[in-house]
Amino acid sequence: MFQDKYLTCKDCGSEFAFTASEQEFFAEKGFTNEPGRCPSCRAARRGQQRNNNSGFGRREERQMFPAVCSGCGVETTVPFQPRGDKPVYCRDCFSSRRSNW
Numbered sequence: 007m008f009q010d011k012y013l014t015c016k017d018c019g020s021e022f023a024f025t026a027s028e029q030e031f032f033a034e035k036g037f038t039n040e041p042g043r044c045p046s047c048r049a050a051r052r053g054q055q056r057n058n059n060s061g062f063g064r065r066e067e068r069q070m071f072p073a074v075c076s077g078c079g080v081e082t083t084v085p086f087q088p089r090g091d092k093p094v095y096c097r098d099c100f101s102s103r104r105s106n107w
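Note that this note's numbering has the sequence shown beginning at 7, numbered continuously upward.
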């Protein structure tokens, strides 16, 4: 049925075996492409993707700007650069004003 194949890794250029059992597994899963990377490069790539997390499930830290609340006068931080032409509210004052709309 399947026989071992020897492929060349597209990352490191080394030759690696695509074994008969791996080919059978790929066929069972419906994969049509052969692996392009050797097992060690695949593992390194998976580890790199986990570390980067590709933005999935994690937000980049938002830049915050200092401001003085127009409602209560407390010093706070907001996720935008206040321009001075509109009021800026702390979280509590913003929430209470929002519930009154």
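Cβ atoms here follow ideal geometry from the backbone N, Cα and C, with glycine treated the same way.
- Linking THR82 to PRO72 through their CA atoms gives a straight-line distance of about 6 angstroms.
- By DSSP's assignment, VAL84 forms a beta bridge with PHE71.
- Taking the Cβ atoms as the reference, VAL74 lies roughly 10 angstroms from VAL84, outside the contact range of under 8 angstroms.
- Nearest to PRO45 by C-alpha distance, out of ARG56, THR14, ASN39, is THR14.
- Between GLY36 and LYS16, the beta carbon gap of about 22 angstroms keeps them out of contact (Cβ cut-off 8 angstroms).
- In this structure, the alpha-carbon of GLN54 lies about 21 angstroms from that of GLU40.
- Rounded to whole angstroms, the separation of the alpha carbons of PHE32 and ASN106 is 59 angstroms.
- Distances from the alpha-carbon of GLU30 to those of ARG56, PHE8, SER102 put PHE8 closest.
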